[in-house]
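Scroll down for the structure; my scribbles are underneath it.
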Amino acid sequence: MNALPLDPQLAFLEGGGEATRLILARDWTGHPLGPPQEWPEAFRVAISLVLNSPESMILAWGPDLHFFFNETYFPLLGPRLSWAMGARFDEVWADALEQARPIIDAALAGQTQRFVDLPWKLDTDRGEAHTFWTFSYSRVLDGMGKVAGLFIFTNETTARVHADAALRESQMQLSYALEELRALNVTLEQRIVERTAERDRMWDVSPDLLAVIDFDGVIHRINPAWHTILGYDVGDLIGRSVMTFIHPDDVVAARAALATSLTEASSRIELRMRHADGHDEWIAWVGAASAYEVFAVGRHITQQKMAEEALRATEEQLRQAQKLEAIGQLTGSVAHDFNNLLTVIRGSIDLIRRPEFPAERRQRHMDAIADAADRAAKLTAQLLAFARRQPLTPEIVDVGASITTLTDMITTLSGPGVQLDIDLPATPCHAHVDRSQLDTAIVNMAVNARDAMAGQGRLTISVRSQRDAHGKAQVRIAISDTGEGIPPERLEQIFEPFFTTKKLGAGTGLGLSQVFGFARQSGGDVQVASTPGKGATFTLLLPQIDGQPVADSHAALPGAPSRTECCVLVVEDNVEVGHFAVEALQTLGCRTVIATNAAAALEELNRDAERFDLVFSDVMMPGQSGIDFAHEISRLHPRLRILLTSGYSQVIADEGSHGFALLRKPYTLAELAQQIDRLFGG
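Using my numbering, you'd call the opening residue of the sequence shown number 9 and step up by one each time.
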């Protein structure tokens, strides 16, 4: 069928064939969903999946569950086909609504179900009234997590159910015939002939594969279905081992099933059998042994296997579509927060540039710019932490001592209405983590607990050592509150970035996502337990180590220069950042030489390395990376101190700073001075 020439706004309808024609032919004037050009993106993605699926599928969309279907579904509608597209579900299947309503309600509530051969009574306008159906209902959520509609994967199985019933009846009659055959006396020759004829008729008309094989798997008899399903004639099979016709990967399981049938009442197996033309077909076998032979019945299930695979593929496409929608929401939230900060910065700069702007207001707007920049840096750090890409500088930390240091800050943040209890072990617990990120995570969890209690209650922080399920030592930091607790439906959302229950403007929704990202990036985890009305406990789990915190490894060397005597080689490929670094270092009293990449910096060092005391290098540069450059300097010029700087680096996120001092971008003049003083023992 020729593809329809579609308006670009209707490209999502491509591939739907006659179903697309029905959608385009309908008059959507006054319809609750509006014209297709105005349908929301989530609806477009969902209906595109349905229209392009080779399986019989329905999409019921909106609060009234308006009915959409693909071309494969056409035969199931009968005379309703001409008007069903876009109609309400309860209009299209009014005769099935009473039985369907509980299933629909369960699916909308998130209870996805699959029904196989479910009996259903319908009006006779489309055919037989007593029908059977195999289907599954699953809800579709929009980007806000609300129910948007239902996916229904359905096939009418009336004919197959009747055939199965007939087969069971024939198999039962065959069993009776075989039992009677064994019991008959030679004097009942006529009855044997009659029963044998009945058995032969059932054998010949059975749609399933029937076979008699011996205990070694050699075929002694087959029915005509072997030719229908697998293309073999009697002469191709009799006297040959059935294993010859089984896929090589399934032979071992087939031999095991044959052995099982000899010792048990029956055995079952699904395997691939080679068709006469060389391809494979899936067959579900049931085998039962008599005294001398095995009777086997094989059901052809290739189409069933293909349908199951198609369903899995469709479900995966839906999951990917929902992921893309979630990424779009995250991007929008980040853009919203950054645009707010940029508005403050851009607006304040425009005001400061005005010659008549008062000096006292000029300082206030300069402070606003600095505050907005700090908030932007914090937002970036929290996003990197959630993504487990925050540059970390791990060291051995006494967790209990770190919490003790934070006690005054947490007490101040919590307010007078919160009682703070600290429970530390007698034996220190050490973890190899980034100290500042650990402190930030603890403060974030404490502030979250304070807000959960509305500033009134008891906040408990405890530290213990424990073993995980694999016997590895862990440091457990538990922060408990006496607030209202967390509803069960919110537990899976609390670590998502920008998810917050606070009022607009009262929080970014990134505090707990920072905790989650820090824990995972540090090789640990974070857990939450809560009972509504009884508070919540957040537990930060970190790998415990046996080492001890070490003194500053950058102690002053004899003859080390002071900061004002220091000559710094700045390595930065970004011109604006490089100029800022030079200005900042010169403001701190340092002398500077700048290079735009590692190769140029090595040329400066080869020319005269003795004039330099410190190399201040970016990590992400074209050519040689800052990490590799630092290793080369350590090898060639071990006297030089090295300070790395980065806003984000995949290498640092994955491997850390390799033992080199690291200054995170964006940095302040004070932070730069502190790092230099630390390197030279100041």
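Just so you know, even glycine gets a beta-carbon here, dropped at the ideal spot from N, CA and C.
- Bounds of the beta strand (DSSP E) holding leucine 428 are 426-431.
- Look at tyrosine 184 here: in three-state DSSP terms it is helix.
- Within the same chain, Cβ atoms closer than 6 Å to the Cβ of phenylalanine 82 are found at Leu89, the five residues on either side in sequence being excluded.
- Under the criterion of beta carbons closer than 8 Å, tryptophan 141 and leucine 126 qualify as touching, at roughly 5 Å.
- One thing to note: alanine 27 has its Cβ within 7 Å of the Cβ of glutamate 79.
- Rounded to whole angstroms, proline 363 and alanine 603 show a C-alpha spacing of 37 Å.
- DSSP, read as helix, strand or coil, puts tyrosine 145 in strand.
- Only residues of its own chain outside the window of five on either side were considered, and among them Leu130 and Asp131 have a CB closer than 7 Å to the CB of aspartate 103, listed in chain order.
- Note that the segment 433-451 touches the segment 462-473; at least 3 beta-carbon pairs, one per stretch, sit closer than 8 Å.
- By the 16-neighbour rule on beta-carbons within 10 angstroms, proline 540 is exposed.
- Restricted to the segment 609-690, the alpha helix (DSSP H) segments that are unbroken, complete and at least 4 residues in length are 634-644, 658-663 and 677-687, listed in chain order.
- Of all alpha-carbon atoms in Leu21, Met629, Glu500 and Ile230, the one lying nearest the alpha-carbon of valine 213 is that of Ile230.
- Sequence-distant partners of threonine 419 (beyond 5 residues in either direction) whose C-beta falls short of 6 Å from its own C-beta, in its chain, are Leu428.
- The DSSP-derived three-state label of glutamine 474 is strand.
- Nearest in C-alpha terms to histidine 438, of all of Ala376, Gly425 and Gln552, is Gln552.
- Within the segment 253-318, complete alpha helix (DSSP H) segments of at least 4 residues are found at 259-271, given in chain order.
- Comparing alpha-carbon positions, the option among Ser183, His440 and Arg122 lying closest to glutamate 316 turns out to be Arg122.
- Where proline 110 is concerned, the enclosing alpha helix (DSSP H) starts and stops at 105-116.
- For the 7 Å CB-CB criterion, phenylalanine 75 and alanine 50 do not form a contact.
- Within the same chain, and ignoring the five residues on either side of asparagine 605 in sequence, the residues whose Cβ sits closer than 8 Å to its Cβ are Val579, Asp581, Met629, Pro630, Gly631 and Gln632.
- Contact between glycine 543 and glycine 463 does not hold, since their C-beta atoms are separated by about 14 Å, which reaches or exceeds 8 Å.
- Rounded to whole angstroms, the gap between the alpha carbons of lysine 313 and alanine 284 is 20 Å.
- Scanning Leu593, Leu30 and Val441 for the CA closest to the CA of glycine 532 turns up Val441.
- Remark: three or more beta-carbon pairs, one from each stretch, lie closer than 8 Å, so the segment 294-306 and the segment 272-286 are flagged as touching.
- Residue range 407-422 is occupied by the alpha helix (DSSP H) that includes threonine 415.
- Taken atom to atom, the span from the alpha-carbon of glutamine 535 to that of isoleucine 485 is near 10 Å.
- Counting only residues of its own chain and dropping the five nearest sequence neighbours on each side, aspartate 258 has a CB closer than 7 Å to the CB of Leu279 and Arg280.
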